[in-house]
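Please read the structure below before turning to the comments.
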Amino acid sequence: MTHQQMKTLLGFGYSFTPSEGMLVDYYLRNKVLDEPMDYCVIEEVDNVYNIHPQDLAGVMHKGIDKVQEFTWGVSQAWYFFTRSPFELQSSKVLARWICSSEKEDIYLKDVKVGVKQRFEFCEGCRNRYSITEYQLCSPPENPKNGHWFVCQLKMIGNSVDELMSILELRAGHAM
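If you use UniProt numbering, the sequence shown corresponds to residues 1 to 175, in order.
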């Protein structure tokens, strides 16, 4: 099902705000097991850590006006499945993601289902973006769909409107 079909089906006002436990135990576990998921709005990205966060926020839909469409119903957060954990980020990237927290356990109904760790994007002296990387605490031994992580990208102290302004400015320079 495409995002447009999903948007039509779910209606205006739908907000994708899963709990951390649900994000790991339902979405990530089903991704790893290659099980179908109802209304999954999480896109796949080869390696989120090798893409500038401004570009990553626009990955789901090419074009500036589509970024705002994607953020409809979401409070300034983007979700991505990736096979490349933080440890595998490229050394060719000028700006860097740095670890900003220890690993924390994720629980669903008092059962540990995964762990999370937060990273901040450092470009010069400004940190505008953070990614929280989630992984299963006990992934299946033979995953049908390979090993996956789910990442939540957030803006630190910025709004979607500011992101739109930045993307519009960048698009103007590209012409």
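Even glycine gets a Cβ: it sits at the ideal position worked out from N, Cα and C.
Keep in mind the model is a prediction, meaning the values are calculated, not measured.
Could you check whether the Cβ of residue i sits closer than 7 angstroms to any heavy atom belonging to the ligand SAH?
i      : result
Val150 : Looking at this structure, you won't find the ligand SAH or any other ligand, since it has none at all.
Residue i and residue j: beta carbons closer than 8 angstroms?
i      : j      : result
Leu153 : Tyr129 : yes
Tyr49  : Val150 : no
Val24  : Val111 : no
Using the C-alpha atoms, what's the distance from residue j back to residue i?
i           : j      : result
Lys66       : Val115 : Unreliable placement is indicated for Lys66, whose pLDDT of 38 sits below 50; no coordinate value is reported for it.
Val41       : Tyr134 : 16 angstroms
Arg83       : Met22  : 19 angstroms
Pro53       : Ser100 : 16 angstroms
Tyr39       : Pro18  : 12 angstroms
Gln117      : Asp105 : 9 angstroms
residue 177 : Phe81  : The requested residue 177 is not part of the displayed model; the chain covers only 1 to 175.
Taking the beta strand (DSSP E) that residue i belongs to, which residues open and close that run?
i      : result
Lys112 : Val111 to Glu123
Asp105 : Glu104 to Leu108
Met155 : Phe149 to Met155
Phe80  : Ala77 to Thr82
Ile98  : Arg96 to Cys99
For residue i, which option in the options has the closest C-alpha, if you only look at C-alpha atoms?
i      : options                   : result
Gly124 : Ile98, Gln117 and Pro139  : Ile98
Tyr26  : Met155, Ile156 and Pro139 : Pro139
Asp34  : Arg96, Gly146 and Asn47   : Gly146
Asp46  : Phe86, Phe119 and Phe16   : Phe86
Cys137 : Phe16, Leu28 and Ser15    : Leu28
Arg96  : Ile131, Glu44 and Trp148  : Ile131
Leu56  : Pro36, Ala77 and Met37    : Ala77
Hey, quick one: how far does the alpha helix (DSSP H) through residue i stretch, first residue to last?
i     : result
Val32 : Arg29 to Leu33
Leu56 : Pro53 to Ala57
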